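> In this text, residue positions in the sequence shown follow my numbering: the first is 3, and each later residue adds one. Built from N, CA and C at the ideal position, the CB exists for glycine as well. What you are looking at is a predicted structure, and each value in this text was computed from that prediction instead of being measured. I'd like to ask you about the structure that follows.
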Amino acid sequence: MPTPTPTLDTWDDLNVNDPVFLKSKKEPADIMNDIECEGARAFLAAHPEFYATPFNGQMLGVWCAQRAVPITRKNLEVAHRDLAERGLLEIPATPQSGPLGIETVPVRGGSAVAPPTAEEAAFLKKVADDPALTDHARRKRDELLRRAAVAQRPKFRGGNEAPVVI
């Protein structure tokens, strides 16, 4: 059940028509704008958890406009609570957890590729392309590589066959 709306600040409560305000050289609209800007700053300072997006800001502003109340800290707090309870505000995306609660994060500050082991480096050196090979020799080498790859498949599927080493 939503909580009852407390009494909101009104322009009359803020005494915008007070002679002290009217003696200033500012127009009433500028004074009202200053009050609303200060209310928004106070709300943001008091609520660092607020997810400040243009959409959320508009929602709070529309909430106050629908009720014809100024944007003060108190009114914004009431608006935020009301809109959050109804699920009408954007919330920040939370990182997805993988299986067993493991969180996947991108690699920072280094290469995402593991360097090859000594055995892998030796194999890569053997199969590196040689520009001096003729087409016939290249086809023969490619056929040997295909056979080696096919022969190693059972090893990775749990078979007992020994891998073919070129």
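1. For L147, which of E105, L85, L91 and F125 has the nearest alpha-carbon?
2. Please say whether I73 and E38 have beta carbons closer to each other than 7 Å?
3. Of the choices N58, K28, H82 and T12, whose alpha-carbon is the least far from that of A70?
4. Just checking my contact of G16 with V80 at CB under 8 Å: how many whole Å lie between their CB atoms?
5. C66 and N58 - do their beta-carbons sit closer together than 7 Å?
6. Return the chain-ordered ranges of every beta strand (DSSP E) run that is complete within the stretch 47-102 and spans a minimum of 3 residues.
7. Count the other CB atoms within 10 Å of the CB of H82; is the residue buried (16 or more) or exposed (fewer)?
8. Can you tell me which of R143, G63, I33 and D32 puts its alpha carbon nearest to the alpha carbon of F45?
9. For N17, does the three-state DSSP call read helix, strand or coil?
This is what the structure holds:
1. Residue mapping note: residue 147 aligns to position 145 of the sequence shown, counting from 1. It is F125 whose Cα lies nearest to the Cα of L147.
2. As a working mapping, residue 38 is identified with position 36 in the sequence shown. As a working mapping, residue 73 is identified with position 71 in the sequence shown. Cβ atoms of E38 and I73: closer than 7 Å.
3. To locate residue 70, count along the sequence shown from 1; it is residue 68. It is T12.
4. By one-based count along the sequence shown, residue 16 stands at place 14. By one-based count along the sequence shown, residue 80 stands at place 78. Per the sequence shown, residue 16 should be read as Leu rather than Gly. Not quite, the Cβ-Cβ distance comes to about 16 Å (not below 8 Å), so this is no contact.
5. Taking the first residue of the sequence shown as 1, we reach residue 58 at position 56. Taking the first residue of the sequence shown as 1, we reach residue 66 at position 64. No.
6. none
7. Counting from one through the sequence shown, the residue named residue 82 turns up at place 80. So H82 counts as buried.
8. As a position in the sequence shown, residue 45 is number 43, starting the count at 1. The option with the nearest alpha carbon to F45 is G63.
9. As a first step, residue 17 must be located in the sequence shown, where it is residue number 15. In the structure shown, N17 sits in coil (DSSP, three-state: anything other than H, G, I, E or B).
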